[in-house]
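Per the working numbering, residue 19 is the first one in the sequence shown, and the count goes up by one each step.
Beneath this line is the structure, given in structure tokens, with notes to follow.
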Amino acid sequence: MLKRTPFEINEKGTQLIRSETSGDRSKRTKHSVVGVFAGIGGIEQGFRREGHESILLCEADVRARQVLGRRFANVRVSEDVRDLKSLPECGIVAAGFPCQDLSQAGRTRGIQGPNSGLIDVLLKLLKNSRPGPRWLVLENVPFMLSLDRGRAIERIVSKLEGMGFAWAYRTVDARAFGLPQRRRRVVILASRQADPRAALLGDDAGVPEPSARGAHACGFYWTEGNTGLGWAINAIPPLKGGSGVHIPSPPAIWFPRRRFVAVPTIEAAERLQGFEAGWTGLEGEEPKYARERWRLVGNAVSVPFAQWIAGRLDVAEIYDEGNDDGLRTTRGWPSAGWGFEGRRGCSAVSEWPVSKPAEHLARFLGSGIVPLSRKAASGFLSRLERSNLRSEEAFRRDLRHHISQQ
19 MLKRTPFEIN EKGTQLIRSE TSGDRSKRTK HSVVGVFAGI GGIEQGFRRE GHESILLCEA
79 DVRARQVLGR RFANVRVSED VRDLKSLPEC GIVAAGFPCQ DLSQAGRTRG IQGPNSGLID
139 VLLKLLKNSR PGPRWLVLEN VPFMLSLDRG RAIERIVSKL EGMGFAWAYR TVDARAFGLP
199 QRRRRVVILA SRQADPRAAL LGDDAGVPEP SARGAHACGF YWTEGNTGLG WAINAIPPLK
259 GGSGVHIPSP PAIWFPRRRF VAVPTIEAAE RLQGFEAGWT GLEGEEPKYA RERWRLVGNA
319 VSVPFAQWIA GRLDVAEIYD EGNDDGLRTT RGWPSAGWGF EGRRGCSAVS EWPVSKPAEH
379 LARFLGSGIV PLSRKAASGF LSRLERSNLR SEEAFRRDLR HHISQQ
């Protein structure tokens, strides 16, 4: 629960009067943003939509830097966070730090792995930055909360506490923002100057009732079939960066009304992440390099997710922790929690901070689909029929029909 107040105190001790209309962007503080591990700019684009301005982007991937150079044309782009001697003066540092070592589908080497361990470089920069940014925004996969009983998040927040940061984290599903993609991510919001709990944990719409399948289009992983399906009603399962050999593997969609199975185009995938269609395209690029676009989009941060965070930074509310329990982490970390003034707590908020109306998946995709190939559909059906996985007979029947039509 929250207690509301009509003002807050900024870094200089000035009272900022809060508009009664929380959506009035003209009353919000505009911050400069440093984006580390920026990818194709999902966090930065979301923050830009709320009026914040990027001043430095850092990204190791050359193809991603090309996208950043096109989409953030007047912003300096650095190649390697390890080459930064210091952070420029800014209001926000944002980092969707590498998840390969923390992902259930990845290497699971943990927070000290060669990729995810790069977060330590950013934390060292923050330690040496005074007064430093008002806000720190970190994003990663939910598996980090359970891998090694949450060793990754324990390491991160302990270092933040050592630097004087208050912090809050929350698992959030991208479907809350109207996107038909089941994409769960953890965001950590931290500050040396403000209480992040109201901003991150203050909104909660609650998980909606699950939809009946009906005639809705349903997403699934056609690359699975042995141990799981990734089944999603009226949505797709999470877009991925691709296979271990960088072959694109977008989820498939079953359209029951049409007895048809398809995969989204790269442009549709960009829209499923909240970007405009063509965000990762480069003029004159050969079509064979489209697989690089799939990798970049699959690894991106959902833009509406980032925009929601950006819109919450100036909330003038006091967090009421009265209903929260202490943070217990013996079997992994809960889906939401916080650390403030030497105390840690567990929040019962859901993964849906808001519940924005979503367009039906079939309508959202429109013509942005191509048929799943006969080979891919046949391989999936063969694996499914050999497994013990439960699936509707109508689904298997339509798979056979689709294969016969290819």
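Backbone N, C-alpha and C define an ideal beta-carbon position, used for all residues, glycine too.
Given the structure is predicted, the values throughout are model-derived calculations rather than measurements.
- Taken through DSSP and simplified to helix, strand or coil, Arg275 comes out as coil.
- For Val139, no pairing in a beta bridge is given by DSSP.
- If you ignore the 5 residues before and after Gly357, its C-beta comes within less than 7 Å of the C-beta of Val175, Glu179, Ala184 and Trp185, all in its own chain and listed in chain order.
- With fewer than 16 neighbouring CB atoms inside 10 Å of its own CB, Ser400 falls in the exposed class.
- Ranking Gly292, Val52 and Ala334 by CA distance to the CA of Leu140 puts Val52 first.
- By the Cβ neighbour-count rule, Glu369 is buried, with 16 or more other Cβ atoms within 10 Å of its own.
- Annotation for Asp213: Ala184, Tyr337 and Phe358 place their beta carbon closer than 7 Å to its own, counting only its chain and skipping 5 residues before and after.
- Taking every protein chain shown into account, the CB of Arg275 has fewer than 16 other CB atoms within 10 angstroms, so this residue is exposed.
- Gln211 has no beta-bridge partner at all, per DSSP.
- Bounds of the alpha helix (DSSP H) holding Val315 are Ala308 to Gly316.
- Close CB contacts of Pro352 within its chain, under the 6 Å cut and outside five residues either way in sequence, are with Cys364 (chain order).
- Going by DSSP, Phe413 is part of the alpha helix (DSSP H) stretching over Glu411 to Gln423.
- In terms of CA proximity to Lys306, Ile265 leads the group Ile265, Ile327 and Val319.
- Segment contact: the region 188-205 against the region 369-385, three or more CB-CB distances shorter than 8 Å; contact assigned.
- For a cut-off of 8 Å, the C-beta gap from Glu62 to Ala112 is around 7 Å, short enough to register as a contact.
- Restricted to the region 185-244, the alpha helix (DSSP H) segments that are unbroken, complete and at least 4 residues in length are 214-219, listed in chain order.
- Thr348 sits exposed, since fewer than 16 C-beta atoms from the chains shown fall within 10 Å of its C-beta.
- For Phe115, same chain residues with a beta-carbon under 8 Å away, outside a window of 5 residues either side, are Val54, Phe55, Ser134, Leu136, Ile137, Leu140, Leu156, Glu157 and Asn158 in chain order.
- Ala295 sits in coil when the DSSP states are folded into three classes, being neither helix nor strand.
- Put simply, of Leu154, Ala170 and Arg46 the residue whose alpha carbon is nearest the alpha carbon of Phe161 is Ala170.
- With contacts defined as CB atoms closer than 8 Å, Leu383 and Pro282 qualify as a contacting pair.
- Where Ser400 is concerned, the enclosing alpha helix (DSSP H) starts and stops at Arg392 to Arg404.
- When the beta-carbon positions are compared, Pro269 and Gly296 stay at least 8 Å from each other.
- Here Ala366 carries a coil assignment [DSSP, helix/strand/coil].
- Bridge partners of Asp343 according to DSSP: Cys364.
- Listed as beta-bridge partners of Thr348 by DSSP are Gly350.
- Counting only residues of its own chain and dropping the five nearest sequence neighbours on each side, Arg148 has no CB closer than 6 Å to any other CB.
- The way I'd put it, the region 215-225 doesn't touch the region 234-251; fewer than three beta-carbon pairs between them come closer than 8 Å.
- Rounded to the nearest whole angstrom, the C-alpha separation of Leu314 and Glu288 is 10 Å.
- Beta-bridge pairing by DSSP links Glu157 to Val205.
- Note that the C-beta distance between Ile254 and Leu290 is below 8 Å.
- The C-alpha of Glu172 is placed about 10 Å away from the C-alpha of Gly350.
- Here the C-alpha atom of Tyr239 lies approximately 28 Å from the C-alpha atom of Gly64.
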